[in-house]
Structure formats: structure tokens, C-alpha cells
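Structure first, commentary second.
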Amino acid sequence: MSTSNRPVALVTGSAGALGSEMCKQFLADGYDVVVSDLRAEAADEVARAFDPSGNHVLSVAIDVGSTDSVDAGIKTIIERFGRLDVLVNNAGNFRQGLTKSYSDEDWRFITNVHLDGAFRCCRAAYPYLAKSPYPTIISIASVAARIGLPGRLSYSVSKAGLEALTRVLAVEWAPENIRVVAVAPGFTKTANRIFVDGKEVTHEAFAQAVPMKRMGRPEEQAAVVIFLASKKASYINGQTIVVDGGATIDLRV
Ligand SMILES: NC(=O)c1ccc[n+]([C@@H]2O[C@H](COP(=O)([O-])OP(=O)(O)OC[C@H]3O[C@@H](n4cnc5c(N)ncnc54)[C@H](O)[C@@H]3O)[C@@H](O)[C@H]2O)c1
Numbered sequence: 097m098s099t100s101n102r103p104v105a106l107v108t109g110s111a112g113a114l115g116s117e118m119c120k121q122f123l124a125d126g127y128d129v130v131v132s133d134l135r136a137e138a139a140d141e142v143a144r145a146f147d148p149s150g151n152h153v154l155s156v157a158i159d160v161g162s163t164d165s166v167d168a169g170i171k172t173i174i175e176r177f178g179r180l181d182v183l184v185n186n187a188g189n190f191r192q193g194l195t196k197s198y199s200d201e202d203w204r205f206i207t208n209v210h211l212d213g214a215f216r217c218c219r220a221a222y223p224y225l226a227k228s229p230y231p232t233i234i235s236i237a238s239v240a241a242r243i244g245l246p247g248r249l250s251y252s253v254s255k256a257g258l259e260a261l262t263r264v265l266a267v268e269w270a271p272e273n274i275r276v277v278a279v280a281p282g283f284t285k286t287a288n289r290i291f292v293d294g295k296e297v298t299h300e301a302f303a304q305a306v307p308m309k310r311m312g313r314p315e316e317q318a319a320v321v322i323f324l325a326s327k328k329a330s331y332i333n334g335q336t337i338v339v340d341g342g343a344t345i346d347l348r349v
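Taken in order, the sequence shown gives residues 97 to 349; the numbers are from our numbering.
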């Protein structure tokens, strides 16, 4: 094991739209980056695309739904880079459904990834973050935690839980100088499909509900994550930054 001179950022679920953009921007900002996802091959592809040499990007299969997988993944990162400075809890999934017929299994599937997964990653990363000169945890929440979106109970509750996790750990780990923050993206243009009252709507139609009349872009979410990890954000702690084009102050679906 050799210790990297560059700060090391781990982004969970980073074979996906937002996470891969975060990895790209962390790399451009001088970090060594860990692309990690449940989908190992997709993570490998992202890592190869960003850094064919493999010098500054490591791909690690991590299922945040499993404590063993998270712990093993963190061990692999430390074996390779010798340090961990930034953890981004980004992995996510989605199972829409009205609560009256939502199953226990669906509930557990969603909360286990979004909320329990973030808890597992924070716990496993803590000893290494505590040794970092500039440690940050950033969890990707959602505006769904702040507005009542029917059919999204497990998702919204998980995201609200991430905001609470952010506040508690910001205080608990302040003595180690670990800043703990969150980003709550609004409706961001990815391959995701949007349903309102059970009917699919286009991104363009849905964007009309946002004051800025457009969806966010992955790079706009990632830029805030990179800022929050940077020294420029050195006094921001325990907060969730909403990046939604104004949707939560005036959403007209
Ligand atoms: N896209 C949006 O509009 C939007 C809005 C608000 C919040 N978010 C949040 O941003 C994050 C990223 O969303 P995205 O749009 O890039 O979604 P995405 O589906 O493109 O990416 C999510 C990634 O997480 C991975 N993943 C799923 N389960 C996992 C597990 N158990 N372990 C590890 N990885 C797992 C998936 O394989 C996928 O690559 C999510 O937490 C999502 O809830 C997205």
C-alpha cells in the first residue's frame, strides 16, 4: 500500500447519471476517485472512460445494501490509496407505488439502499475520514424529502432520513473535523422516467412546473458536491443544500 498525495473521493452508485458526473468533476479537481456501484461492469466502464491508465481512478464493486460488501470495499480502497477523504452517499434506486398496496419488501428494498446504505458507508469510512486533513461526507438527498409526492413514501422518508443523518453526524463527528452535509437535487435530466398520478409525463412537460422552466443538469448537481467537498465550503456543516431551480418554493405540477 502506498498513500496517495491526492485526496481520495468515493462516490457510491457512480455508474449512474449523477454519480459518474461527480467522479468526472472530482478527477478534474485533482482527486483520486473511486467509482463504485452494485453494477461492477458498469463501474469498470466509467472508470476506464475517465482514466484508461487507472492511475487515478479505481473501480470497486460495492453493494451499499450489504455491510460485508461496504466493509470489503472500503478495505480495498485503503489497500490501494492508503487514505479516504470524501464519501459521497449517492447510490439510489426507486420503486414507486401507493402506500395502501406497498409491500414490506419494497419498503425495505428502498430504505436499505438510500438510508441504511448511507449509514453503513459512513460507519465504515469513519476511521479513515478521521485521519484525513480535510474530510467530508456528502449525502445525496432529494426535494422529495420536502414536498409530498404521492407514490414515493419510502423514497421520500429515506431522503428525509438522510437530512437527519447529516445533522446528527455533523455534530457527532465535528471533533474529528469531519464536515457532514447533503445536497437535495430537484428534478434532474437523466434517463429517469417521471410519473404524475400514475401517468408518465415527458421531461419537457414536467419542467414547466419548475420556476426556471427546465430540469436540472447532472453537472449542476455535481458542481455543488465538488464545492461542498472543497475548502471553499469549510464552514458549511450539517446543512442540506437544495439544488432545484426553485421547485420547492413554487412547484406547480
Ligand atoms: N435524477 C434525479 O432527478 C434525482 C433527483 C433527486 C435525487 N436524486 C438522487 O441522486 C442519486 C443518483 O441518482 P441518478 O439519477 O444518478 O440515478 P441512477 O439510477 O442513474 O444511478 C444510481 C446508481 O446507484 C446504483 N445502485 C443501486 N442500488 C445500489 C446498491 N445497493 N449499491 C450500490 N449502488 C447501487 C445503480 O446501479 C445506479 O448506477 C440517487 O440517490 C437519487 O435518489 C436524483
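Even for Gly, the Cβ is constructed at its ideal location relative to N, Cα and C.
Going by beta carbons, THR232 and VAL277 fall inside the 8 angstroms limit. With contacts defined by Cβ atoms closer than 8 angstroms, LEU180 and ALA113 do not form a contacting pair.
Closest in C-alpha terms to LEU324, from the list GLU272, TYR230, ILE345, TYR198, comes TYR230. Here the alpha carbon of ASP133 sits roughly 34 angstroms from the alpha carbon of ASP346.
Annotation: ALA305 to ALA343 spans about 7 angstroms, alpha carbon to alpha carbon. In the DSSP assignment, ALA280 falls within the beta strand (DSSP E) that extends over 275-281.
Pairing GLY334 with VAL264, the inter-Cα distance amounts to about 8 angstroms.
The alpha-carbon of ASN273 is positioned some 7 angstroms away from that of ALA226. Within 7 angstroms of the C-beta of PRO231 there is not a single heavy atom belonging to ligand 1. Closer than 7 angstroms to some heavy atom of ligand 1: that does not describe the Cβ of HIS152. Remark: the C-beta of SER238 is in contact range of ligand 1, defined as less than 7 angstroms to any heavy atom. When THR163, ARG176, GLU316, ILE158 are compared, the shortest CA-CA separation from ALA139 is found for ILE158. Taking every protein chain shown into account, the CB of ARG275 has 16 or more other CB atoms within 10 angstroms, so this residue is buried.
Boundaries of the alpha helix (DSSP H) around SER250: 249-268. Three or more Cβ pairs closer than 8 angstroms define a contact, and the region 114-121 falls short of that threshold against the region 190-204. Looking from the CA of ALA187, the closest CA among LYS295, ARG248, PHE215 belongs to PHE215. The C-alpha of THR284 lies about 8 angstroms from the C-alpha of ASP340. Across the structure, GLY109 and ILE290 are spaced so that their CA atoms are roughly 20 angstroms apart.
In this structure ALA280 touches THR336 by the C-beta definition: roughly 5 angstroms separates them, less than 8 angstroms. Judged by their CB atoms, SER100 and GLY178 are nearer to each other than the 8 angstroms cut-off.
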